[in-house]
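S.K.: Numbering (UniProt numbering), first residue to last: 1 to 84.
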Amino acid sequence: MANKKVTGPKAASSAAKTLTSKATGSKSKTAAASALSQTNAPKKQTSAKAATAASKTLSDGRTSKASKSAAGSALAQKSGAKKK
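1) So does the stretch 36 to 49 actually touch the stretch 21 to 28, counting three or more Cβ pairs closer than 8 Å?
2) Please list the terminal residues of the continuous alpha helix (DSSP H) segment that includes Ala76.
3) Consult DSSP for Ala57 and reduce its assignment to one of helix, strand or coil.
4) Rounding to the nearest angstrom, what Cα-Cα distance links Asn40 and Lys68 in this structure?
5) Strictly by DSSP, which residues pair up with Thr46?
6) Determine the contact status of Ser21 and Ser64, defining contact as a CB-CB distance below 9 Å.
Structure (structure tokens):
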């Protein structure tokens, strides 16, 4: 089933901050880019690669609040359907 969620304004702002920060790691930036690309785009879904990056971002204790917000948004937009 397709996911109809989109990135909200707060998460989009957090994603933009994450992408422009020089101190942010690549996994956080991957998750942020995914979240930002899904602003006003209900048909887009988070890829497996971006979902993995988002999961790692959320579990890393060094991650900023903005990065975690963007990662959470990206992960929420991952399709729940598993392919066989």
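Glycine included, C-beta positions come from ideal geometry on N, C-alpha and C.
Note that the structure is a prediction, hence the values are computed from the model and not measured.
M.R.: Let me spell this out:
1) Touching, no, given that fewer than three Cβ pairs across the two stretches are closer than 8 Å.
2) Within the sequence shown, the letter at position 76 stands for residue 76. Element bounds for Ala76: 65 to 76.
3) Taking the sequence shown and counting its residues from 1, one reaches residue 57 at position 57. Checking the sequence, you will find Thr at residue 57 rather than Ala. Residue state for Thr57 is assigned as helix, using DSSP reduced to three classes.
4) Along the sequence shown, one-based indexing puts residue 40 at 40. Along the sequence shown, one-based indexing puts residue 68 at 68. Looking at the two C-alpha atoms, the distance is approximately 20 Å.
5) As a first step, residue 46 is located in the sequence shown; it is residue number 46 there, counting from the start. Partner(s): Lys78.
6) To locate residue 21, count along the sequence shown from 1; it is residue 21. To locate residue 64, count along the sequence shown from 1; it is residue 64. Taking the C-beta atoms as reference points, Ser64 is found nearer than 9 Å to Ser21.
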